[in-house]
Amino acid sequence: MVEQMSSTSTKTEVGSYFISNYPPFSQWRKELLPEVERALASPPQDVPLGLYLHIPFCRKRCKFCYFKVFTDNKASDIEQYVQALAKEIELVSRQPVMGQRPFRFVYFGGGTPSFLSPRQLTALVERLRANINWDLAEEVTFECEPGTLREAKLRTLKELGVTRLSLGVESFSDAILEANGRAHLAPEVFRAWEWIQAIGFPNVNIDLIAGMVGETWDNWRDTIRQAIELSPDSVTIYQMELPFNTVYSQDILGNKIETPVAEWPMKRAWVDYAFDEFLSAGYQISSAYTVVKDSAKVNFSYRDNLWQGSDLLATGIASFGHVSGVHYQNKAEWDQYIGDLIQHERLPLGRALVPTPLQRLIREMILQLKKGYLHVAYFQEKFGVNILEQWSEEWQAHAAAGMLVTEPDEIRLTRQGLLEVDGLLPAFFEPEHRGIRYT
Ligand SMILES: C[S@@+](CC[C@H](N)C(=O)[O-])C[C@H]1O[C@@H](n2cnc3c(N)ncnc32)[C@H](O)[C@@H]1O
Ligand code: SF4
């Protein structure tokens, strides 16, 4: 999280955002697309390869959501999208950058991939399998909105090779779910949970949000208690952000109302409490946002590979990828995305950026810091830079503020540092990328 509008305010202002990449997305340019085309057309570098597929449909738009989603979906739109996505995979699979590399990890993200029916899912996967497979992948993640799940659909997911389900639970309070525009209520989570247990998936994650509108201490305690009772393999706890494009943000700006989202210190206190409760229940903290029940079993291939500079082939509308050191994003407009693939049979590339070696180092450093520690030797070996020396003033300032401790071979965040890690990261941005719009 970065409190962008006013550095002294503790309020959750419109314009706050997660840092998920570097340099900021606002710097990516259409003019740099030839660089992606060149990277795709060249043999691969020796890094793991992942695949991201974006499914942009949802039953309802949650008032806090900032993703590219469509809610007024006709069956024909979905059919058209599935066709375009299959075409995209076909085109991507022919690119020399694929080399002989199997997919190490696959991620069906959204939007709501589980919005698709079993028939649509099977048809999609059959078309994809004409060109690719994920038989050697160590992780195949599939994001689900609980109310879209049925027993038959979950069986289909299992058959298609999904190893990790991630459920957007967010809260167990029906009043809060409803007020925030979620399409599901708590009973739908419990119903889906029984099927999930009966079918058996290697890994199941649930997402929670600290700072849903209407949240209270009593309710948050109850939400954490219920999450522990379900006993998922991992829990991701986000602090509510207000990027510009959410329904709440537009309401605050348009109607000049006070933000309805709790202040940052309150949200941090909620996550702090959640961490303590999960630790008492035998979980371990795996990053600023995640706790895991058994760290030997949960490996987060997608997150860990991405944060160590793996290649990620991005498919689907508006998705973000990275090949051979080049960042890129697909076109974000429906007609253009579909048109490029179906009419022109070309990749729907939208904008790109070629990070410098220093920018690649900064990217990995700030992303890995979200895990709570950095190994100095990793960066020395990979980039030839001693990060402790290169950013000595920044580490000192963060240490003086109680956010981290440094040792000769490791930088470790304190609990406080972990709770506000996104606020620590812009200090490592190059001067021209500080204080500019991120997305
Ligand atoms: C793509 S959704 C997960 C799958 C499915 N669409 C759903 O919502 O159930 C990813 C997650 O992002 C989180 N999220 C969305 N908007 C957010 C915001 N403004 N602040 C914090 N977390 C947010 C939610 O926890 C959500 O589960
Ligand atoms: S949070 Fe999930 S279900 Fe809600 S609009 Fe965003 S992607 Fe769709």
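Take the sequence shown: its position 282, counted from the start at 1, is 266 in our numbering, and no numbers get skipped. All C-beta atoms, glycine included, are put in the ideal place defined by N, C-alpha and C.
Residue i versus residue j: straight-line alpha-carbon distance, rounded
i, j, result
"Ser(-9)", "Pro186", "Caution applies to Ser(-9), whose pLDDT of 45 falls short of 50 and renders its modelled position unreliable; the value that the coordinates give is listed next. Using only the alpha carbons, I get a separation of about 43 Å."
"Ala302", "Pro171", "33 Å"
"Val275", "Tyr267", "6 Å"
"Tyr222", "Asn164", "15 Å"
"Gly305", "Phe92", "14 Å"
"Ile350", "Glu414", "12 Å"
"Ile212", "Phe174", "13 Å"
"Phe259", "Ile322", "43 Å"
"Ala385", "Leu408", "11 Å"
"Arg252", "Val197", "15 Å"
"Ser26", "Glu19", "11 Å"
"His311", "Phe126", "23 Å"
"Ile62", "Arg209", "38 Å"
"Thr55", "Glu143", "27 Å"
"Glu(-13)", "Gly(-1)", "Note that Glu(-13) scores a pLDDT of 46, beneath 50, so its modelled location is shaky; the value from the coordinates is reported in the next line. Computed Cα separation, rounded: 8 Å."
"Arg421", "Pro8", "8 Å"
"Arg113", "Trp177", "29 Å"
"Asn289", "Pro32", "7 Å"
"Tyr1", "Glu225", "6 Å"
"Trp254", "Trp248", "10 Å"
"Gln292", "Glu74", "27 Å"
"Ser376", "Arg418", "18 Å"
"Arg287", "Gly300", "19 Å"
"Leu403", "Tyr257", "11 Å"
"Leu161", "Thr230", "16 Å"
"Pro227", "Asp235", "12 Å"
"Leu100", "Gln79", "28 Å"
"Ala121", "Glu72", "20 Å"
"Ile269", "Thr207", "18 Å"
"Val245", "Gln400", "21 Å"
"Asn280", "Cys128", "Residue 280 is actually Ala in this sequence, not Asn. If I take the Cα positions, the gap works out to 24 Å."
"Gln104", "Arg148", "20 Å"
Among the options, the one whose alpha carbon lies nearest that of residue i
i, options, result
"Lys44", "Gln64, Pro130 and Gly(-1)", "Pro130"
"Lys277", "Ser264, Arg344, Gln292 and Arg287", "Ser264"
"Val443", "Asp56, Lys(-5), Ile3 and Ile62", "With the chain represented from -15 up to 423, any question about residue 443 goes unanswered, as that position is not in the structure."
"Ser77", "Val197, Leu409, Leu296 and Val153", "Leu296"
"Ile241", "Trp248, Glu247 and Ser233", "Ser233"
"Asn117", "Leu138, Pro86 and Gly94", "Pro86"
"Ala361", "Glu394, Leu353, Arg347 and Tyr273", "Glu394"
"Glu348", "Ala381, Ala336 and Gly309", "Gly309"
"Arg166", "Phe41, Pro332 and Phe48", "Phe48"
"Leu333", "Ser(-7), Ile269 and Leu325", "Leu325"
"Pro341", "Leu403, Tyr6 and Thr(-4)", "Tyr6"
"Ile346", "Gln374, Ser270 and Ala59", "Gln374"
"Asp202", "Ser157, Asp217, Pro244 and Thr243", "Ser157"
"Leu358", "Pro392, Arg335, Arg344 and Glu329", "Pro392"
"Glu15", "Lys354, Val369, Val338 and Arg344", "Val338"
"Ala411", "Thr423, Lys366, Phe363 and Leu353", "Leu353"
"Gln64", "Glu365, Gln327, Lys366 and Gln343", "Gln327"
"Ala298", "Lys355, Ser(-7), Lys(-5) and Gly94", "Gly94"
Residues that DSSP places opposite residue i in a beta bridge
i, result
"Val188", "Leu149"
"Gln268", "Val276"
"Ile395", "Leu358 and Thr390"
"Glu154", "Leu192"
"Phe54", "Phe41"
"Arg13", "Ala336"
Limits of the unbroken alpha helix (DSSP H) element including residue i
i, result
"Gly407", "Val405 to Leu408"
"Leu33", "No alpha helix (DSSP H) contains Leu33, which is instead part of the beta strand (DSSP E) from Leu33 to Ile39."
"Phe174", "Ala170 to Ile183"
"Arg111", "Pro102 to Arg113"
"His382", "Ser376 to Ala384"
"Tyr222", "Careful: Tyr222 lies outside any alpha helix (DSSP H), inside the beta strand (DSSP E) at Ser218 to Gln223."
"Val66", "Ala59 to Ser77"
"Tyr232", "Val231 to Gly238"
"Asn203", "Trp201 to Leu214"
"Lys281", "Taken as a continuous stretch (DSSP letters only), Lys281 belongs to no alpha helix (DSSP H), as it is neither H nor E."
"Ile350", "Pro341 to Leu353"
"Gln320", "Trp318 to Ile322"
"Glu416", "It is not in any alpha helix (DSSP H) - Glu416 carries neither H nor E in the DSSP assignment."
"Lys137", "Glu135 to Glu143"
Endpoints, beta strand (DSSP E) assigned at residue i
i, result
"Asn314", "Val310 to Asn314"
"Asp295", "Asp295 to Thr299"
"Glu127", "Glu123 to Cys128"
"Arg88", "Phe87 to Gly94"
"Gly305", "Phe304 to Val307"
"Leu337", "Leu333 to Leu337"
Using the beta-carbon of each residue, find all residues closer than 6 Å to any heavy atom of ligand 2 and list them in chain order.
-> Cys42, Arg45, Cys46, Cys49, Phe51, Val53, Gly94, Gly95, Thr96, Glu129 and Gly152
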